[in-house]
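Participant: Taking our numbering, the leading residue of the sequence shown gets 1, the next gets one more, and so forth.
Positions of the beta carbon are idealized from the N, C-alpha and C atoms, including for glycine.
So that we are looking at the same thing, I have put the structure below in structure tokens.
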Amino acid sequence: MDETAAPLSPVVQPLQVGYQPAAGTVIGAIPVVPQPHHYGLSYEPVFVDHLSRHTGQQIGVVTTAGRVEGILSGVAVDHIQLNAGGKALHMRIAQIVYFEGLPITYEHPANGGLHP
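Put into structure tokens, the structure is as follows:
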């Protein structure tokens with residue numbers, strides 16, 4: 001399987017829907033379906049910082065669904081991207097129980113480095 005990153009393309013909107021111009025098509029919320037009024041996010045800055053220090057390295061991630069191993073290729077506020085088996089896996093940080101990686105050194109310019 002080719003492990004090159006797939007380029008992302010913009011979503012192409014149709015010019016016509018049912019042989020009618022799409023310019024008048026209204027896209028909006030349906031009033032009978034309850035819509036969320038608040039988007040909550042549990043942000044753990046220290047955990048996200050520890051994860052981001054392992055970017056580009058092989059790690060093991062244990063989630064509420066199970067264990068996955070791969071190369072950590074990205075860390076965002078709410079999810080991580082792990083490349084495994086030629087696929088990009090996106091996992092929510094809220095679902096991560098813990099992760100395993102190689103030990104890292106915390107460099108501090110004042111004292112030449114702190115070791116965990």
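1) Enumerate in chain order the residues of its own chain whose CB-to-CB distance from serine 52 is below 8 Å, with the five nearest sequence positions on each side excluded.
2) Keeping to the same chain, check which residues put their C-beta closer than 8 Å to that of leucine 89; ignore five residues upstream and five downstream.
3) Would threonine 55 and methionine 91 qualify as a contact pair, given that the criterion is a beta-carbon distance under 8 Å?
4) Per DSSP, what kind of secondary structure is leucine 104 in: helix, strand or coil?
5) Our contact map puts isoleucine 93 next to valine 61 with C-beta atoms below 8 Å; I'd like the distance itself, whole angstroms only.
6) If I follow the unbroken alpha helix (DSSP H) through leucine 52, where does it start and stop?
7) Sorted by chain position, which residues of the same chain lie with C-beta nearer than 8 Å to glutamate 44's C-beta, five sequence neighbours on each side aside?
8) Could you pull the start and end residues of the beta strand (DSSP E) that glutamine 58 belongs to?
Facilitator: Checking against the coordinates, here is how it stands:
1) Val75
2) Val68, Gly70, Gln81, Leu82, Asn83
3) no
4) Just to set this straight, residue 104 is isoleucine in the shown sequence, not leucine. Three-state result, isoleucine 104: coil.
5) Their Cβ separation, rounded to whole angstroms, is 10 Å, which puts isoleucine 93 and valine 61 out of contact at 8 Å.
6) For the sequence presented, residue 52 should be read as serine rather than leucine. Start and end: 45-52.
7) Ile93
8) 58-63
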